[in-house]
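Notes for the one structure printed next.
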Amino acid sequence: MNNQPTTWLSPNSIRRSRQILTIVNLSIRRYLFTRNMWVLIILGGLPLIFVTLIILSKPITSLTDANRAFQMTFRIYYIHFSIFFIASIFGFSLLRKEVDDRTLHYLFMQPVNRSLIIFSKYFGYIVVTWTYLSAAFLLTYFIMFLPFGLNVMKRELFHMGRAVSLIQECFVMLLALGLYGAVSMVMGTIFKSAWYGIIFYLWEAGLPYLPSTFKYLTISQYLQAITPERSILPASFFELYGDIPTAFECILAVIIVVGFFGGLTLFLIRRYECRYSET
């Protein structure tokens, strides 16, 4: 009689899962003790500091004004500024730092598929950045609306549907980190310096002023489209963005960007040779 426990996973799948978890764990621990973490802490925590100072100096008395200010902060500061630079810095250094520290060959010498290495490090970056940004974002909301009282907050969150919107906004941040991180990861594989980031940022930040055709070639256009709570903001704000993409177009854009740049990174890294003197 066979007393061996049954499992739905093959030995190869179990081994790969353990390899992924090990690399993710190492990546997270390494991120926590790098200078990039200070960028995440500062850029992610600035809204929290500003909101606290505003509440202490002159509390917002109108609930509508508070919701409008919070939504503008998310759409302009988070999408167009902090998430872009956080994702660009972390994504660019994802593999570039290994090259600069001359430690990339140690990873490649391990009995692990290079695709798993890239995926695991990318996933580790997402875990670190998204966890912190989501926590800071939700705490900012709590501090901004705390002066209105817990009963008002409870009504806003659970009766007016704001809790669902906050979850959706955290999901938008997750997509933004994934998209911008995928692009920056490729650039870190190709280039030694992050000069491309200036051009990329000007392209993304200049979205409202681009011709309508070119708006669809920016990531921020799709992020703005899937961000909820549009009714809070004036219609003139969205006139600058032109025709907002549909949900299907947004999903398709996410799949194309992550798939293309993720696949390009794997293509480049599989043919990568650790000649540090030439990188």
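This note's numbering numbers the first residue of the sequence shown as 294 and each following residue consecutively. Note that CB positions come from ideal geometry on N, CA and C, so glycine has one too. Bear in mind the structure is a predicted one, so any value in this text is a computation, not a measurement.
(message) Tell me the rounded alpha-carbon separation between residue 320 and residue 409.
(response) Within the sequence shown, the letter at position 27 stands for residue 320. Within the sequence shown, the letter at position 116 stands for residue 409. If you take the alpha carbons of residue 320 and residue 409, they lie about 13 angstroms apart.
(message) Suppose only complete runs of 4+ residues qualify. What are the alpha helix (DSSP H) ranges in the stretch 484-562, listed by chain order?
(response) 489-498, 505-508, 512-519 and 528-532
(request) Could you name each continuous alpha helix (DSSP H) segment of 4 residues or more that falls completely within the stretch 320-355, going from the start of the chain to the end? (result) 329-350
(message) Looking at residue 462: is its Cβ nearer than 9 angstroms to the Cβ of residue 430?
(response) Mapped onto the sequence shown, residue 462 falls at position 169. Mapped onto the sequence shown, residue 430 falls at position 137. Cβ distance < 9 angstroms, so residue 462 and residue 430 count as in contact.
(message) Using C-beta distances below 6 angstroms, list every residue in its chain close to residue 415, excluding the 5 sequence neighbours before and after it, in chain order.
(response) Counted from its first residue, the sequence shown places residue 415 at position 122. No residues qualify anywhere along the chain.
(request) Quick one: residues in its chain with C-beta nearer than 8 angstroms to the C-beta of residue 420, no 5 flanking neighbours on either side, listed in chain order? (result) Counting from one through the sequence shown, the residue named residue 420 turns up at place 127. Excluding positions up to five away in sequence, the list reads 317 and 321.
(message) When you compare the stretch 449-463 with the stretch 510-529, are there three or more beta-carbon pairs, one atom per stretch, that lie closer than 8 angstroms?
(response) yes
(message) On the DSSP letters alone, give me the boundaries of the alpha helix (DSSP H) that residue 411 sits inside.
(response) As a first step, residue 411 must be located in the sequence shown, where it is residue number 118. Note, residue 411: alpha helix (DSSP H), 407-438.
(message) Can you find the residues in the same chain that come closer than 6 angstroms, C-beta to C-beta, to residue 309, ignoring five residues on each side of it along the sequence?
(response) Residue numbering aside, residue 309 sits at position 16 when the sequence shown is read from its first letter. Excluding residues within five positions, none has a Cβ falling inside 6 angstroms.
(request) Compute the distance between the beta-carbons of residue 516 and residue 472, then report whether it is under 9 angstroms. (result) Residue 516 sits at position 223 when you count from the first residue of the sequence shown. Residue 472 sits at position 179 when you count from the first residue of the sequence shown. Yes.
(request) Assign residue 442 to one of three DSSP states: helix, strand, or coil. (result) Here the question's residue 442 lines up with position 149 in the sequence shown. The answer is coil: DSSP assigns residue 442 none of H, G, I, E or B.
(message) Give me the residue from 423, 450 and 556 with the minimum Cα distance to residue 467.
(response) On the sequence shown, residue 467 is found 174 positions in, with the first residue counted as 1. If we check each option's Cα against that of residue 467, 423 comes out closest.
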